[in-house]
Amino acid sequence: MSDKDIPNKLLVIIGGPTAVGKTSLAISLAQHFGAEIVSADSRQVYKELNIGVGKPSHEQLDSIPHHLVGHTTISSHYSAGSYTRDALDIIDTLFQKHDIVFLTGGTGLYIKAITDGFDQMPEVPADVNEYWTQIWKEKGINELLIILEQKDPEYFKTIDRANPMRLIRAVSFIMHTGLPFSSFHTGQSSQRTFKILPIALELPRDELYARINQRVLHMVADGWMEEAMTLYPSRHLKALQTVGYKELFDVIDGKLSLEEAIPLIQQSTRRYAKRQMTWYRNQGEWTHVNANDSDLIIRLIEHGMG
RNA sequence: GGGAGUGCGCCGGAGUAGGAGAGCCGGGCCAGACUGUAAAUCUGGUGUCUUUGACUGAAUAGGUUCGAGUCCUAUCACUCCCA
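Per the numbering used here, the very first residue in the first sequence carries number 43; after that it's consecutive.
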């Protein structure tokens, strides 16, 4: 497909680390351009998670249509794969009535799946994954490495052999489908029928870290602890393997006081933000813009619309 | 005022019967990886320099010794006990 065949549809992506100000900026941009917002956040998808994941407020959600926020539940097996299907569906629908759609959120992999696409491959049922997770816990990482080396020597060569999550994924896939995992990694990127403008918001490190520290205090003041208590029975679900909730569950368990937990939550949030910044620096072609420079962003979008 | 103890790299811990170490464990921080758990998971670095190596370093200043982080003296800081 050549450039002239691509319809004049533009997906504006607002990325950047947590607490940089994506949510409110995306809302004002969407209002400015009369558009709607699709979220790309692996934790805001759950209806049970609110305060601690920085979900937009009711007021914000009412001010502009949002998609993929709180549309699933923590007991589902939601993943990057399910997200990709859901998001592409919604984006296509939105482009039927709009020329511009905003995609915003902090989950780099989810955004990458939209921009570059995933290779098509069969689904692996959750219980297969759980089975191999159990094997890993009981027998260790070597058990997985042995299988992988036998069944998919190609992938064995390239995989990070210290990373249990990746190994569990690969072995689960291979044992379920009977096919080598690597045979599905064609690396062919999907051709989208819309243009993409990826903007990564950034702030000086000191400023961002100060905002994070402040935001954690606000979340606690807004009742984060109470939210954590209602979710405590679900603490082993993967949706609850989330910055802050882990620490608050320790408070409920009596391992920490709330006063001790707060600096720890601020710390793990800063570490999370750092990992995100690494992603935006090194994954994909992002235009880096100061988070306060909305004028520049508007000009970039207008230019992108052609 | 008297007594006891402890002092090393961003922090905590372990260890050291004179042959050492820019060393160990954990944390922090910095940097990195990333195609279905991704707020997850994983990796590396963290005295200085001209970096396959070299140099400086164990509170500070001296001393003993072939050799001192380790022993001695003084000083400083902190902790505890007694007044």
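Every residue, glycine too, gets a C-beta built ideally from N, C-alpha and C.
- Inter-residue distance for G150 and G57 is about 8 Å (C-alpha atoms, whole angstroms).
- Judged by DSSP secondary structure, V170 falls within the alpha helix (DSSP H) whose first and last residues are A168 to K181.
- Judged by pairs of C-beta atoms under 8 Å, the segment 66 to 77 touches the segment 91 to 105, as three or more such pairs exist.
- Here H218 is not near V262, since their CB atoms are 7 Å or more apart.
- At a Cβ-Cβ threshold of 7 Å, I210 and W178 count as neighbours.
- The beta carbon of V293 lies closer than 6 Å to those of L300 and A303 in the same chain, with the five residues before and after it left out.
- Its Cα nearest to that of A281, the residue V95 stands out among E78, L53, V95 and G63.
- Here the C-alpha atom of S81 lies approximately 14 Å from the C-alpha atom of S99.
- Membership of K237 in any alpha helix (DSSP H) is not indicated; the residue belongs instead to the beta strand (DSSP E) covering K237 to E244.
- Inter-residue distance for E289 and M347 is about 44 Å (C-alpha atoms, whole angstroms).
- Per the Cβ contact rule, the segment 242 to 254 is in contact with the segment 307 to 327 (3 or more Cβ pairs under 8 Å).
- Closest in C-alpha terms to T320, from the list Q176, T115, L243 and F226, comes L243.
- Judged by DSSP secondary structure, N324 falls within the alpha helix (DSSP H) whose first and last residues are L300 to N324.
- Annotation: K89 to I189 spans about 38 Å, alpha carbon to alpha carbon.
- A distance below 7 Å separates the beta carbons of I133 and V143.
- Comparing alpha carbon positions, the residue from A129, A270 and D158 closest to L91 is A270.
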